[in-house]
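Novice:
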Amino acid sequence: MRANALLALADDELILGWRDSEWTGIAPTLEEDVAFSSIAQNEIGHARALYELAAAELGTDADALAFDRQPDEYCCAPLVELHLMDWAHTIARRYLYEEADRVRLDALKASDDAELAGLAAKIDREETYHRLHAEMWAGRLRGEPRYLEALEELWPYALGVLEPEQRPELARRTGLRVESTQIVPRGHHTAELTELWNEMTEVRRSDPGATW
Amino acid sequence: MIFEVFRQEKKGQPFAHAGSVEAPDAAFADAWAREQYGRRGESEALWLVPRESIHAVTEWADEFDLKYRRVDGYSIKERLRIARERAASAR
Amino acid sequence: MDARTEEFIAYVQDGGQVEATDWLPDDYRQKLIKFIEMHANSELMGVLPEREWILKAPTLQRKLALTAKVQDEVGHAQLIYRVAEDLGKPRDEMFADLISGKAKFHNVFHYPTSTWGDVGVIAWLVDAAAIISQKALLKCSYAPYARIMKKICWEESFHILHGRDVILAMVTGTPAQFELVQEALDRWWGPLMQFHGNPIPAEDDPMFQWRIKSQGNEEARQQFLDGYVPQIHELGLTVPDPNLRRGDDGVWTYSEPDWDELRSVVTGHGPRSQDRLAFRARYLEQEKWVRDTVLAA
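Protein sequence lines correspond, in order, to chains A, B and C. Per the numbering used here, residue -8 is the first one in the first sequence, and the count goes up by one each step. Per the numbering used here, residue 102 is the first one in the second sequence, and the count goes up by one each step. Per the numbering used here, residue 68 is the first one in the third sequence, and the count goes up by one each step.
Here's what the structure looks like:
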């Protein structure tokens, strides 16, 4: 039960970190490129810490969890799987994910599970920069039609990151509405995840069991 | 806008010029400079200053003998030698 | 040559440095911008062969390390472009010249990367060749450039460690992994030997005369061979040049590098030159709206 919750969180961070790292070298400005890469690295780092907790329970290791499962065994939300190689969608996803993640982390920080609560608090502290970054960009893009369209498009996916009881809180924080939205929940994967997985595991699968 | 970046490596040390970033405002300059100059925890603090706020001073008049203001303008060895000799012979 | 320029040359050859606000001879300024621009372009284009392997990194640790390395390269590009911008050439113009082929980038970044073996060889040997040139630039007569080289060299030290670690994991791993390294080395040796350029004597190299470079091309190459051929051999790998040997006088001799290949590659005819430039152009164009509307101060 706890391992599944950990995996959902870890898979979200891994896949989103993988997506965010796709901007390496091609972000709108060089300065932004450097900053965005830090965010991607932080996400992979969070995934690693979460996998390590889950791995201890499941009797395996973080890399095996990250790479050696089949695509349909991952527990990530569809939001992070989407291939969004334009800046408006990328920032919209960053903003929405950070808001959803904050709702989720707030709940985890209050958990009875001391180890999980501790890790959630650590992740939360590092997310301060991500929120600063997302809010800064959201502010600049506030009047930009492409960004507003992207927000609308991704909102159903953002809601799907959270459990039903947490969604009203997300709506409250973003000012976007829940009621008439067709939510895209966790549990089904996109074709994009399989494509991502093929690329992500290509080297690893080429020599199974090898140490890299 | 160009923001000059001044970087303090350790507490107590001076801020030294480390480079510059191009950013539309201080918020972006902050978000960007902190990763460019601190992602490895290598900086204690940064000062970000719009280039236009920097007033550079690079020219001085150096017409008259200003040695009296500097350490190298004093030569005390000779007089000290005489003073010591006098003090020794007075004993 | 006028007296002021002669005085300038004497000053820099005596170890003197200049700032952005000092008087600079036109020829010095032009050569400087071109040199710095090529360096910046190289850091930027160097990202492309490596970024695809970030996505394929086989462990979380390698993914993090490689992302951090490539992030450093982007950071270096930023530092170096800024120096060129302060010499009077706008960033947009430099990107346009890069895309059009008017400005160049180093040969090694025009080649494909085919396997994880390339990832190791690039971080270990290509970066090593670059670091030798970069260390020499710490003494550049143009102070703003010399100053950023300090941060660049410091960050490159992490890259060497990462490169060594990736290679060592493979040469002590499976036979297939060892083969990946040897095969990559076989492909990269030619470009590596061409990297430091034609062995122009220092006295004939204007970059050295102006003390923009403080080291001749051949000196850099010899330093590379001195440092890295022993490392290659101690791992049981072979250098694909039967003529490579170190003389009793300490000087390395080797098969003549293919200078025609070098010339052809850096003028945009390398195996990946055009599609990498097209990739870069595509994203520059696509996100122009961000720079124009969102980031205008």
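Glycine residues also receive a C-beta, built at the ideal position from the N, C-alpha and C atoms. Every value quoted in this text rests on a predicted model; they were computed, and no experiment measured them.
Looking at the C-beta of B/Glu123, does it have a partner C-beta in chain A at a distance below 8 Å?
Specialist: Position 22 of the second sequence holds residue 123 of chain B. Yes, B/Glu123 counts as interfacial toward chain A.
Novice: Applying the 10 Å Cβ sphere with the 16-neighbour rule, what's the burial state of C/His177?
Specialist: The sequence position of residue 177 of chain C within the third sequence is 110, counting from 1. Buried, because 16 or more other Cβ atoms sit within 10 Å of the Cβ of C/His177.
Novice: Is the Cβ of C/Ala363 closer than 8 Å to any Cβ of chain B?
Specialist: Taking the first residue of the third sequence as 1, we reach residue 363 of chain C at position 296. So yes, C/Ala363 belongs to the interface.
Novice: Leaving aside the five residues before and after C/Arg158 along the sequence, list all residues of the same chain whose C-beta is less than 6 Å from its C-beta, in chain order.
Specialist: Here residue 158 of chain C refers to the residue found at position 91 of the third sequence. Cβ within range, chain order: Tyr148 and Glu152.
Novice: Measure how close the beta-carbons of A/Leu145 and A/Leu87 come, nearest whole angstrom, since I'm counting them as under 8 Å.
Specialist: Locating residue 145 of chain A in the first sequence gives position 154, where the first residue counts as 1. Locating residue 87 of chain A in the first sequence gives position 96, where the first residue counts as 1. Confirmed, Cβ separation roughly 6 Å.
Novice: Could you pull the DSSP bridge partners for B/Pro151 from this structure?
Specialist: Here the question's residue 151 of chain B lines up with position 50 in the second sequence. According to DSSP, which records beta bridges pairwise, B/Pro151 is partnered with B/Phe104.
Novice: Are the C-beta of C/Thr360 and some C-beta of chain B separated by less than 8 Å?
Specialist: As a position in the third sequence, residue 360 of chain C is number 293, starting the count at 1. Answer no: the Cβ-Cβ gap between C/Thr360 and chain B never drops below 8 Å.
Novice: For a quick check, are the C-beta atoms of C/Pro179 and C/Trp256 less than 8 Å apart?
Specialist: By one-based count along the third sequence, residue 179 of chain C stands at place 112. By one-based count along the third sequence, residue 256 of chain C stands at place 189. No, Cβ-Cβ distance for C/Pro179 and C/Trp256 is not below 8 Å.
Novice: To the nearest whole angstrom, what separates the beta carbons of B/Ala134 and B/Phe104, a pair I think is in contact under 8 Å?
Specialist: Against the second sequence, residue 134 of chain B aligns to sequence position 33. Against the second sequence, residue 104 of chain B aligns to sequence position 3. Contact holds; Cβ gap of about 7 Å.
Novice: Spatial neighbours of C/Thr182 within its chain, please: C-beta separation below 8 Å, excluding the five flanking residues on both sides.
Specialist: Locating residue 182 of chain C in the third sequence gives position 115, where the first residue counts as 1. Only Leu247, Glu250 and Ala251 meet the Cβ criterion.
Novice: Does DSSP put A/Glu48 in a helix, a strand or coil?
Specialist: Counted from its first residue, the first sequence places residue 48 of chain A at position 57. Helix at A/Glu48.
Novice: Enumerate in chain order the residues of its own chain whose CB-to-CB distance from A/Tyr120 is below 8 Å, with the five nearest sequence positions on each side excluded.
Specialist: Counting from one through the first sequence, the residue named residue 120 of chain A turns up at place 129. These residues qualify, in order along the chain: Ser29, Ile30 and Asn33.
Novice: Is the segment 215 to 235 of chain C in contact with the segment 192 to 201 of chain C, if contact means three or more CB pairs nearer than 8 Å?
Specialist: Yes, since at least three Cβ pairs between the segment 215 to 235 of chain C and the segment 192 to 201 of chain C fall closer than 8 Å, the two stretches touch.
Novice: Just to confirm before moving on: does the CB-CB distance between C/Tyr321 and C/Leu311 stay below 8 Å?
Specialist: For the purposes of this step, residue 321 of chain C is identified with residue 254 of the third sequence, where counting begins at 1. For the purposes of this step, residue 311 of chain C is identified with residue 244 of the third sequence, where counting begins at 1. It is a contact, given that the beta carbons lie within the stated cut-off.
Novice: Identify, in the order they occur along the chain, each residue of the same chain with its Cβ nearer than 8 Å to the Cβ of A/Lys113, setting aside the five sequence neighbours on each side.
Specialist: Taking the first sequence and counting its residues from 1, one reaches residue 113 of chain A at position 122. The answer, listed in chain order, is Ala40.
Novice: Can you grab the Cα-Cα spacing for the pair C/Leu154 / A/Ser12, in whole Å?
Specialist: As a first step, residue 154 of chain C must be located in the third sequence, where it is residue number 87. As a first step, residue 12 of chain A must be located in the first sequence, where it is residue number 21. For C/Leu154 and A/Ser12, the distance between alpha carbons rounds to 32 Å.
Novice: By Cβ distance, which residues of its chain are closer than 8 Å to B/Asp126, with the 5 residues on each side in sequence left out?
Specialist: Taking the second sequence and counting its residues from 1, one reaches residue 126 of chain B at position 25. Closer than 8 Å at Cβ, skipping near neighbours: Met102.
Novice: From this set, A/Ala45, A/Thr15 and A/Val25, which residue's C-alpha is nearest A/Glu106's C-alpha?
Specialist: Position 115 of the first sequence, counted from the first residue, corresponds to residue 106 of chain A. Taking only the C-alpha atoms, the option nearest A/Glu106 is A/Ala45.
Novice: Less than 8 Å separating the beta-carbons of C/Ile100 and C/Gln276?
Specialist: Within the third sequence, the letter at position 33 stands for residue 100 of chain C. Within the third sequence, the letter at position 209 stands for residue 276 of chain C. It is not a contact, given that the beta carbons lie outside the stated cut-off.
Novice: Helix, strand or coil for A/His209? Go by DSSP, reduced to three states.
Specialist: Outside the displayed range of chain A (-8 to 203) lies residue 209 of chain A, so it cannot be described from this structure.
Novice: Measuring only the C-alpha atoms, how far is A/Glu126 from B/Ala128?
Specialist: For the purposes of this step, residue 126 of chain A is identified with residue 135 of the first sequence, where counting begins at 1. For the purposes of this step, residue 128 of chain B is identified with residue 27 of the second sequence, where counting begins at 1. Each residue's Cα considered, the two are about 10 Å apart.
Novice: What are the start and end residues of each continuous alpha helix (DSSP H) run of 4 or more residues lying completely inside the segment 252 to 285 of chain C, in chain order?
Specialist: With a minimum length of 4 residues, the continuous alpha helix (DSSP H) runs that stay inside the segment 252 to 285 of chain C are 273 to 276.
Novice: Could you confirm whether any beta carbon from chain B is found closer than 8 Å to the beta carbon of A/Val169?
Specialist: Against the first sequence, residue 169 of chain A aligns to sequence position 178. Chain B contact via Cβ: absent.
Novice: Identify every residue that forms a DSSP beta bridge with B/His197.
Specialist: The requested residue 197 of chain B does not occur in the structure, where chain B is confined to residues 102 to 192.
Novice: Name the residue from C/Leu259, C/Gln341, C/Gly335 and C/Pro211 whose alpha carbon lies nearest to the alpha carbon of C/Gln84.
Specialist: What you label residue 84 of chain C is simply residue 17 of the third sequence in a count that begins at 1. Answer by Cα proximity: C/Pro211.
Novice: Whether or not the segment 66 to 80 of chain A and the segment 165 to 182 of chain B are in contact is what I'm after, with contact meaning three or more pairs of Cβ atoms, one per stretch, closer than 8 Å; do they touch?
Specialist: No, they do not touch.
Novice: Taking a Cβ distance cut-off of 8 Å, strictly less, list which residues of the segment 16 to 32 of chain A are near chain C, in chain order.
Specialist: Residues Gly16, Ile17, Ala18, Pro19, Thr20, Leu21, Glu22, Asp24, Val25, Ser28, Ser29, Ala31 and Gln32.
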